[in-house]
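Novice: Take a look at the following structure, please.
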């Protein structure tokens with residue numbers, strides 16, 4: 004029985020997948036929890052699906068689900084949450100600008116917390132991407148008051164029962180810590196390494212990084228007002 008499932012959303016990442024296989028396979032050998040890998044192919048139009056199937060066929064701990072069409076990052080993450088059966092679930096981007104071994108840093112704290120997220124230290128992105136991310140994070144913090152400096156960091160560990168209760172919609176992946184707070188959960192951020200993209204191209208432009216998140220803040224406020232949270236005291 005796996006204790007931890009790492010979700011890897013994939014959209015047109017054929018140039019990265021062999022490296023993803025190697026680094027995640029290496030991580031499973033040093034992971035502090037017995038770990039499986041779940042690829043979520045978000046309707047890739049390149050050779051990603053064929054490569055994913057080859058990887059899963061030769062690695063027992065690797066599995067996949069594949070969308071009929073491209074539905075976006077939030078949908079891919081949500082599908083991973085819904086599919087995972089382990090008590091802990093994680094998330095990492097297939098561009099591997101964060102290091103899988105840093106999951107162990109996050110797992111150190113997950114007993115006390117319900118979500119532990121990375122904070123990208125010494126980011127290796129271009130100036131425009133860094134600045135737009137900082138502005139977007141500032142706007143989001145003003146709306147959510149979640150205290151998180153870098154919700155866009157693609158390295159997170161969440162207790163699966165909390166993850167499955169997140170009512171995801173497009174763009175809400177930026178609000179995962181805030182959605183845990185809505186469940187009265189506890190969250191923590193931990194510094195992690197960050198690297199330049201080695202292959203492939205980024206799938207998000209200025210709209211996605213700045214204007215889109217601003218619009219999503221209003222969606223979050225609506226969600227917060229309407230969110231239903233309850234605990235069952237007893238059953239008969």
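Numbering (our numbering), first residue to last: 4 to 239. Here a beta-carbon is modelled for each residue, glycine too, at the ideal position from N, C-alpha and C. All values derive from a computational prediction rather than experimental measurement.
Do you know how far the Cα of residue 88 is from the Cα of residue 163?
Specialist: So the two alpha carbons sit approximately 8 Å from each other.
Novice: Where does residue 61 land, buried or exposed, given buried means 16+ other C-beta within 10 angstroms?
Specialist: It is exposed - the Cβ of residue 61 has fewer than 16 other Cβ atoms within 10 Å.
Novice: Along the chain, where does the beta strand (DSSP E) containing residue 94 start, and where does it finish?
Specialist: Unbroken beta strand (DSSP E) run through residue 94: 91 to 95.
Novice: From residue 40 to residue 66, what distance separates their C-alpha atoms?
Specialist: Looking at the two C-alpha atoms, the distance is approximately 6 Å.
Novice: First and last residue of the beta strand (DSSP E) that includes residue 123?
Specialist: Counting along the chain, the beta strand (DSSP E) containing residue 123 begins and ends at 118 to 123.
Novice: Please report the distance separating the alpha-carbon of residue 46 from that of residue 78.
Specialist: Taking the straight line from one Cα to the other gives about 11 Å.
Novice: Taking the CB atoms as reference points, tell me whether residue 73 and residue 14 lie closer together than 8 Å.
Specialist: For residue 73 and residue 14, yes; Cβs fall inside 8 Å.
Novice: Could you tell me the distance, in whole angstroms, from the CA atom of residue 122 to the CA atom of residue 158?
Specialist: About 8 Å.
Novice: Taking C-beta to C-beta, are residue 68 and residue 82 nearer than 8 Å?
Specialist: Closer than 8 Å, so yes.
Novice: In whole angstroms, give me the CA-to-CA distance for residue 5 and residue 218.
Specialist: Spanning the two alpha carbons is a distance of roughly 37 Å.
Novice: In the structure shown, what three-state DSSP assignment does residue 176 receive?
Specialist: Helix, per DSSP.
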